[in-house]
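> Starting off with a structure, shown below.
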Amino acid sequence: MKSLIKILVVAVMISFVFSCKNNLVPNYQYMPNMYQSVGYEAYGGYQVFPNEQSAMLPAEGTIARGHSLFEYKNTNEDFLRAKVELMSPLDSTQVDLTKGKELFDIYCSICHGKKGNGQGTLVKREIMFGIPSYDDVGRAITTGGIYHTIYYGKNAMGSYANQLREEERWQVVAYVLKLKADLEK
Amino acid sequence: MLFLCEIFITKYCSICMKKSYQSLEGNSTNDMKQVTHRNLITRLILSGLILLLTYSTAFAQGDPVTGKILFNTNCAACHNLDKKMTGPALRGVEARLSDDQGLDRDWINAWIRNSSAVIKSGDAYAVKIYAEYNNAAMTAMPQLSDEDIDNILAYTAQEKVAPSGGGEIATTQTSGGQNKGGISNELILGALAILFMLLALGLIMVNKTLRRFANANNIDIPEEGQRKSLWKAFIKNQFLLLVITIFFLLTSAYYVFGYLMQIGVDQGYQPVQPIHFSHKIHAGDNKIDCKFCHSSARVSKTSGIPSLNVCMNCHKSIYEYTGETTAEYTKEFYDAEIMKLYKAVGWSDEDQQYTGETQPIKWVRIHNLPDFVYYNHSQHVTVAGLECQTCHGPVETMEEVYQYSPLTMVWCLDCHKKTNLKTKGNAYYTKIHEELAKKYGVDKFTVKDNGGLECGKCHY
């Protein structure tokens with residue numbers, strides 16, 4: 246009889262071990278010092294960094310590889326200047342509309358719509374309002390203006406400079422101009 | 091009885107609903123007719139006035155319904171009726187401008203069609219409002235006709251309506267639906283319970299009657315004799331004891347092995363995040379691409395926790411939650427979460443400006459490979475073209491994200507063994523793959539065949 250009780254106790258203990266898995270905390274690890282990085286990881290919290298964040302902005306005055314200096318400021322005057330004079334560095338052989346479409350569908354179409362007519366999912370669901378069509382007469386978008394808007398944002402639209410690299414931005418600009426031409430047909 | 095009641099209620103309700111719908115429809119069509127009539131008359135009167143007197147009316151009549159559509163397509167990106175956004179709140183703007191500033195319709199028309207020209211002309215109020223809103227120039231809208239502007243102004247002139255009972259009706263209806271389901275389930279269970287009780291009762295009664303018959307016919311019912319205790323029989327049977335012991339040991343070994351194997355595996359890990367960010371709403375309901383926020387997954391080792399400016403690209407305009415709610419996740423709950431974001435990023439919703447007081451959010455990392463494994467997102471997302479869901483599971487349905495996959499080595503290798511390499515559109519691979527496929531005598535070239543099982547590919 247006593248061994249029966251023992252068996253029962255063991256069974257209950259085993260069921261405790263298995264039934265009480267708490268998903269709010271991470272599981273045990275065999276050798277944590279092999280699991281956790283010695284070096285600083287991206288998005289880690291370490292005391293040596295300001296705000297304890299290893300994610301920091303690039304040092305001021307530096308330009309990342311594949312990027313170049315953008316000489317237009319985030320002002321209305323510079324927007325108008327860019328609208329007139331800023332041109333794409335990509336020539337016709339470098340423009341990749343497939344890539345442009347891919348990026349446009351990720352970053353822009355959610356508001357501007359896949360056709361650029363201002364009817365994205367968020368507009369249709371009445372979450373965002375007032376997204377213009379690319380063939381809007383009052384705005385009359387141009388290469389430089391589009392790039393400036395992606396770079397700094399405009400009015401209710403925010404900047405997408407950190408989600409798109411410089412070359413990718415120009416690909417998106419090319420694709421937007423194609424959508425505009427399609428809309429104006 | 092309950093069931094009948096229900097039928098009655100649903101029927102009655104549906105009749106009511108139909109009636110109310112009809113009346114609603116009737117109303118709206120009437121309204122539309124009236125509106126078109128009124129519109130026609132006003133247009134006639136207006137043109138007459140313009141022709142005869144060359145005089146523009148100050149408070150022109152417009153159609154608020156058309157105005158709302160025009161407002162939403164042209165103005166609502168920057169203006170709200172009651173809330174300061176990129177531009178000022180616009181409820182009653184015409185009356186306000188005329189009463190406070192003495193500005194008439196001509197000024198409004200000029201401003202809407204080309205605000206920068208009005209500012210350049212040195213108009214005092216125009217310069218003031220331009221400076222007040224951080225020199226954000228209003229887009230020129232030369233395409234809007236006088237009538238369009240009439241309609242928009244008519245829409246902005248409408249009184250603010252207190253939220254109607256529409257929402258309440260909807261919620262009661264849905265809760266009614268839930269009750270309906272609950273009752274029917276309970277009914278079935280209750281009926282079953284009663285059935286079983288009746289069966290048991292029947293059996294007892296049959297037993298009793300049979301015994302009574304037996305007694306009446308003088309038949310002896312054999313009484314159950316003293317049995318040997320089960321435990322003693324078990325102890326005496328050595329074979330059974332041995333088998334049971336072996337079985338018990340094997341079972342415990344199985345469970346101990348299972349326990350040791352799941353150490354270090356965080357499948358199902360679902361921590362509480364500092365802000366309740368619902369992937370269900372963002373990626374599911376609103377169909378925002380994963381890479382919209384996790385943009386570095388395309389180009390980098392890390393998939394990237396979006397910095398708060400990415401949130402603010404939309405949440406500058408989206409300051410409240412308007413979608414579906416449940417009892418647990420109410421509109422107030424979600425609105426409070428958006429306020430947490432504003433607080434963290436230092437955005438003042440009243441002034442529509444950044445205050446500069448930021449508080450970085452400490453998100454809790456869920457997916458974490460051990461340091462001795464190398465994993466690169468861009469290689470899987472961009473080169474292989476995998477969907478995020480392949481490893482992260484149905485994130486678009488997760489209210490709170492949890493780890494879907496075990497992220498163990500066997501899990502990685504299983505996928506490497508059966509997934510074909512994406513060679514399409516990759517000139518470098520086309521030739522070499524044809525040759526390798528010929529060499530190995532396989533028609534499909536999997537990750538494994540390209541060295542996807544080599545230790546040094548991930549451990550170095």
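Protein chains in written order, with the numbering used here: chain A, 246 to 430; chain B, 91 to 550.
For each residue, glycine too, the CB sits at the ideal point set by N, CA and C.
#1: Among A:A426, A:Y392, A:P271, which has the Cα closest to the Cα of P334 of chain A?
#2: For W321 of chain B, is the classification buried or exposed, using 16 other Cβ atoms within 10 angstroms of its Cβ as the cut-off for buried?
#3: Three or more C-beta pairs closer than 8 Å, one from the region 317-327 of chain A and one from the region 383-400 of chain A: is that the case here?
#4: Where does K433 of chain B fall in DSSP's three states?
#5: Starting from Q328 of chain B and walking both ways along the alpha helix (DSSP H), at which residues does that stretch end?
#6: Just the C-alpha distance for A387 of chain B and L476 of chain B, rounded to the nearest angstrom, thanks.
#7: Indicate the three-state DSSP secondary structure (helix, strand or coil) for Y444 of chain B in the structure shown.
#8: Please report how far the alpha carbon of W197 of chain B lies from the alpha carbon of N204 of chain B, in whole angstroms.
#9: In three-state DSSP terms, what is L402 of chain A?
#10: Looking at C-alpha atoms only, which residue of B:S407, B:T420, B:I451 is the closest neighbour of S438 of chain B?
#11: Quick one, which of A:T343, A:L428, A:Y379, A:V418 has its alpha-carbon nearest M332 of chain A's?
#12: Any beta carbon of chain B sitting closer than 8 Å to that of A287 of chain A?
#13: Could you tell me the boundaries of the alpha helix (DSSP H) in which T412 of chain B lies?
#14: Rounded to the nearest angstrom, how far is the Cβ of I372 of chain A from that of T412 of chain B, given a contact under 8 Å?
#15: Output, in chain order, the set of chain A residues within a Cβ distance shorter than 8 Å of Q360 of chain B.
#16: Using a Cβ-Cβ cut-off of 7 Å (strictly less than) and excluding sequence neighbours within five positions of M402 of chain B, which residues of its own chain qualify?
#17: If the criterion is Cβ atoms closer than 8 Å, does the pair K46 of chain B and I365 of chain B meet it?
#18: If the cut is a Cβ gap below 9 Å, which residues of chain B does Y291 of chain A touch?
#19: According to DSSP, what are the bridge partners of N510 of chain B?
#20: So, for G375 of chain A: in the same chain, excluding its five sequence neighbours on each side, which residues have a beta-carbon less than 8 Å away from its beta-carbon?
#21: Let me see if you follow: with CB-CB separation under 8 Å, is F462 of chain B close to chain A or not?
#22: Counting Cβ pairs closer than 8 Å, one from the region 420-430 of chain A and one from the region 376-384 of chain A, do we hit at least three?
#23: Please report the distance separating the alpha-carbon of F329 of chain B from that of A323 of chain B.
#24: Just to confirm before moving on: does the CB-CB distance between R181 of chain B and L193 of chain B stay below 8 Å?
#25: Along the region 404-426 of chain B, what residues have a CB closer than 9 Å to any CB found in chain A?
#26: Mapping DSSP to helix, strand and coil, what is V479 of chain B?
#27: Please name the residue, chosen from B:A417, B:V400, B:K421, that lies closest to E410 of chain B on a Cα-to-Cα basis.
#28: So with Cβ pairs under 8 Å, would you call F374 of chain A a contact of chain B?
#29: Would you report the Cα separation of S390 of chain B and S299 of chain A, rounded to the nearest angstrom?
#30: Please compile the residues from chain B whose C-beta is within a distance smaller than 8 Å of the C-beta of N407 of chain A.
#31: What does DSSP give as the partner residues of G290 of chain A in its beta bridges?
#32: Which residues does DSSP pair with S390 of chain B in a beta bridge?
#33: Quick one: what does DSSP say S495 of chain B is sitting in, helix, strand or coil?
#34: D236 of chain B CB to nearest chain A CB: under 8 Å?
#35: Alpha helix (DSSP H) containing Y352 of chain A: first to last residue?
Put simply:
#1: Minimum Cα-Cα distance from P334 of chain A among the listed residues A:A426, A:Y392, A:P271 corresponds to A:Y392.
#2: By the 16-neighbour rule on beta-carbons within 10 angstroms, W321 of chain B is exposed.
#3: Note that the region 317-327 of chain A touches the region 383-400 of chain A; at least 3 beta-carbon pairs, one per stretch, sit closer than 8 Å.
#4: Note: K433 of chain B maps to helix in three-state DSSP.
#5: Taken as a continuous stretch (DSSP letters only), the alpha helix (DSSP H) holding Q328 of chain B covers 328-351.
#6: If I take the Cα positions, the gap works out to 11 Å.
#7: Strand at Y444 of chain B.
#8: The alpha-carbon atoms of W197 of chain B and N204 of chain B are separated by roughly 11 Å.
#9: The residue you asked about is not Leu; residue 402 of chain A is Met in the sequence shown. In the three-state reduction of the DSSP assignment, M402 of chain A falls in the strand class, which pools E and B.
#10: If we check each option's Cα against that of S438 of chain B, B:S407 comes out closest.
#11: Measuring from the Cα of M332 of chain A, the nearest candidate turns out to be A:V418.
#12: At least one chain B Cβ lies under 8 Å of A287 of chain A.
#13: Per DSSP, T412 of chain B belongs to no alpha helix (DSSP H) and is neither H nor E.
#14: About 7 Å; that satisfies the 8 Å criterion.
#15: The answer, in chain order, is N268, L269.
#16: Residues of the same chain with a CB within less than 7 Å of the CB of M402 of chain B, apart from the 5 flanking positions on each side, are V435, W437 in chain order.
#17: As displayed, chain B neither begins before 91 nor continues past 550, which places residue 46 of chain B out of reach and without an answer.
#18: Near Y291 of chain A there are no residues of chain B at all, since even the closest Cβ is about 13 Å away, more than 9 Å.
#19: Answer is B:T536, bridged to N510 of chain B.
#20: Closer than 8 Å at the Cβ level, and outside the excluded window around G375 of chain A, lie A401.
#21: Between F462 of chain B and chain A, the shortest Cβ-Cβ separation is below 8 Å.
#22: Output reads yes: the region 376-384 of chain A touches the region 420-430 of chain A.
#23: Computed Cα separation, rounded: 12 Å.
#24: When the beta-carbon positions are compared, R181 of chain B and L193 of chain B stay at least 8 Å from each other.
#25: Residues passing the 9 Å Cβ filter: C404, K406, S407, I408, T412, G413.
#26: Reading the sequence as shown, one finds Gln at residue 479 of chain B and not Val. In the three-state DSSP reduction, Q479 of chain B falls in the helix class (H, G or I).
#27: The candidate whose alpha carbon is nearest that of E410 of chain B is B:K421.
#28: Chain B contact via Cβ: present.
#29: Separation of S390 of chain B and S299 of chain A (C-alpha to C-alpha, rounded to the nearest whole angstrom) is 16 Å.
#30: Ordered by position in chain B, the residues that pass the 8 Å Cβ test against N407 of chain A are S385, S397, N399, V400.
#31: G290 of chain A is bridged by DSSP to A:Q298.
#32: Note: S390 of chain B sits in no beta bridge, so no partner.
#33: Under the three-state reduction of DSSP output, S495 of chain B falls in the coil class, being neither helix nor strand.
#34: Output row for D236 of chain B: interface = no.
#35: DSSP places Y352 of chain A in the uninterrupted alpha helix (DSSP H) bounded by 342-352.
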